[in-house]
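Asker:
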Amino acid sequence: MRARDDVVVDEEFSDDAAIVRTGSGAGVVLTADVIAPLVDDPEAFGEIAATNAISDVYAMGGEPRWALNLVFFPDDVLPLDVLHAILRGGARACARAGVAIVGGHSVRDADVKYGLSVTGEIALDQVLSNRGAKAGDALILTKAIGTGVVGSAIKAGVASADEIDAAVRSMTRLNKDALAIARRHGVTACTDVTGFGVCGHLRNILRGSSLSAAVHLNALPLLPGARKHAEDKLLPGGSRANRAFLEPMLSIAAGADDLLVSLACDAQTSGGLLLCIPAARAAACLDELRAADHPASLIGELHAPDGPPMITLDG
Numbered sequence: 126m127r128a129r130d131d132v133v134v135d136e137e138f139s140d141d142a143a144i145v146r147t148g149s150g151a152g153v154v155l156t157a158d159v160i161a162p163l164v165d166d167p168e169a170f171g172e173i174a175a176t177n178a179i180s181d182v183y184a185m186g187g188e189p190r191w192a193l194n195l196v197f198f199p200d201d202v203l204p205l206d207v208l209h210a211i212l213r214g215g216a217r218a219c220a221r222a223g224v225a226i227v228g229g230h231s232v233r234d235a236d237v238k239y240g241l242s243v244t245g246e247i248a249l250d251q252v253l254s255n256r257g258a259k260a261g262d263a264l265i266l267t268k269a270i271g272t273g274v275v276g277s278a279i280k281a282g283v284a285s286a287d288e289i290d291a292a293v294r295s296m297t298r299l300n301k302d303a304l305a306i307a308r309r310h311g312v313t314a315c316t317d318v319t320g321f322g323v324c325g326h327l328r329n330i331l332r333g334s335s336l337s338a339a340v341h342l343n344a345l346p347l348l349p350g351a352r353k354h355a356e357d358k359l360l361p362g363g364s365r366a367n368r369a370f371l372e373p374m375l376s377i378a379a380g381a382d383d384l385l386v387s388l389a390c391d392a393q394t395s396g397g398l399l400l401c402i403p404a405a406r407a408a409a410c411l412d413e414l415r416a417a418d419h420p421a422s423l424i425g426e427l428h429a430p431d432g433p434p435m436i437t438l439d440g
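So for the sequence shown, the numbering used here puts the first residue at 126; every next one is plus one.
(1) Using the three-state DSSP reduction, which class does Cys390 fall into: helix, strand or coil?
(2) To which residues of the same chain is Lys268 closer than 6 Å at the C-beta, ignoring the five residues directly before and after it?
(3) Return the chain-ordered ranges of every alpha helix (DSSP H) run that is complete within the segment 333-404 and spans a minimum of 4 residues.
(4) Please list, in chain order, all residues of the same chain as Pro167 whose beta carbon is under 6 Å from its beta carbon, the five residues on each side excluded.
(5) Can you name the start and end residues of the beta strand (DSSP E) that Pro167 belongs to?
(6) Counting along the chain, where does the beta strand (DSSP E) carrying Ala314 start and finish?
(7) With the cut-off set at 8 Å, would you say Pro349 and Asp287 are in Cβ contact?
(8) Should Thr313 go down as buried or exposed, given a rule of 16 or more other Cβ atoms within 10 Å for buried?
(9) Once the 5 residues before and after Ser231 are set aside, which same chain residues still bring their CB inside 6 Å of it?
(10) If you run the structure through DSSP and keep just helix, strand and coil, what is Leu195?
(11) With a threshold of 8 Å, are at least 3 pairs of Cβ atoms found where one atom belongs to the segment 370-380 and the other to the segment 241-253?
(12) Excluding five sequence neighbours on each side, which residues of the same chain lie with their C-beta closer than 7 Å to the C-beta of Trp191?
(13) Give me whichever residues DSSP pairs with Glu426 in a beta bridge.
(14) Please return the same chain residues whose Cβ sits closer than 8 Å to the Cβ of Arg332, not counting the five positions on each side in sequence.
(15) Grouping DSSP H, G and I as helix and E and B as strand, with all else coil, what is Ser242?
(16) Within its chain, find whatever has a CB closer than 7 Å to the CB of Ala258; leave out the 5 residues flanking it on each side and keep chain order.
(17) Between the C-alpha atoms of Ala142 and Leu155, what's the straight-line distance to the nearest angstrom?
(18) What's the gap between the Cα of Gly282 and the Cα of Leu203?
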């Protein structure tokens, strides 16, 4: 239960960001996200981290406007050139999103981390919360998955240059135009796929909207190398923890590909939007996303539950 009348969306159903109402009745989106490096290039890392943080605003249906840098950096160990490169990457993502960086905070820390606190604007009749999905909606995923396992492969030194390039291009692509396309096709709810994986973020929609879902594993779009590195047991600890946590609400069909089950729980960074689209508009939405070079896929559908919310995973 929201404690104040000016709070429109809070943490009850694990939405991607909070939404509050100002005294004038305008809607404000509030979020913060900080990550550790996934890639060796500090500028690429900065751009990924900023894109990842900004995405929370798009996931709520909002427009990001302002940001504060949040930096954790061992300036007594690493040269400041590395920090400057991280911040350049973050500034580049913000510039593409039309976000003004207006300040920030830094902490000396043994481990490098970077992200943003982002504030956005939203019309209150345009909010996309986890409470809005409807039975019969189709589930469309706008980006390929596998950044968790590919990130582990990068750390292990076994990811190819092409695999790294594909992952970085995916993680630095803004979800802005995907949201705009979804709006044109009547999106009812939306989440961005990050640390909890596809199934974990879908769970939040199911809880908020009192629904269950079917996910078709063979429809999941995968980044280059994701399946191979998962076969080589490079799933990160967070992905394994996601699957263990979700196990009670997963109904896995006989013969389902167990590797794809794990990838459906793979912890992502700066993933795509998981869109709930009215079934009659799903094909047109998918066509428009693909025409805009999104590797989008229709991965399942929502339905009324027989009991507690469940996710059925089939081929």
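Each residue gets a CB set at the ideal place from its N, CA and C atoms; glycine is no exception.
Answerer: So, from the data block:
(1) DSSP places Cys390 in the coil class of the three-state scheme, outside both helix and strand.
(2) For Lys268, where only same-chain residues beyond five positions count, the Cβ hits under 6 Å are Ser295, Gly396 and Gly397.
(3) Given a length threshold of 4 residues, each whole run of the alpha helix (DSSP H) inside the segment 333-404 is given here in chain order: 351-356, 362-371 and 383-389.
(4) Here the set comprises Val207, Ala210 and Ile211.
(5) It is not in any beta strand (DSSP E) - Pro167 instead sits in the alpha helix (DSSP H) that spans Pro167 to Ala184.
(6) Ala314 to Asp317 is the span of the beta strand (DSSP E), which, as asked, contains Ala314.
(7) Annotated as proximal: Pro349 and Asp287, with beta-carbon spacing under 8 Å.
(8) When all chains shown are included, Thr313 counts as buried.
(9) Around Ser231: Val196.
(10) DSSP places Leu195 in strand when its eight states are reduced to three.
(11) Contact annotation: the segment 370-380 does not touch the segment 241-253, with fewer than three C-beta pairs closer than 8 Å.
(12) Excluding sequence positions up to five before and after Trp191, its CB lies within less than 7 Å of the CB of Val224, Ala225, Val227 and Thr244, all in the same chain and listed in chain order.
(13) Bridge partners of Glu426: Ala263 and Ala339.
(14) Contacts found: Phe138, Ser139, Asn255 and Pro434.
(15) In the structure shown, Ser242 sits in a strand (DSSP, three-state: E or B).
(16) Cβ within range, chain order: Thr313, Ala314, Ile330, Ser334, Leu336, Cys401 and Leu427.
(17) Between Ala142 and Leu155, the C-alpha separation is close to 6 Å.
(18) Whole-angstrom Cα-Cα distance: 21 Å.
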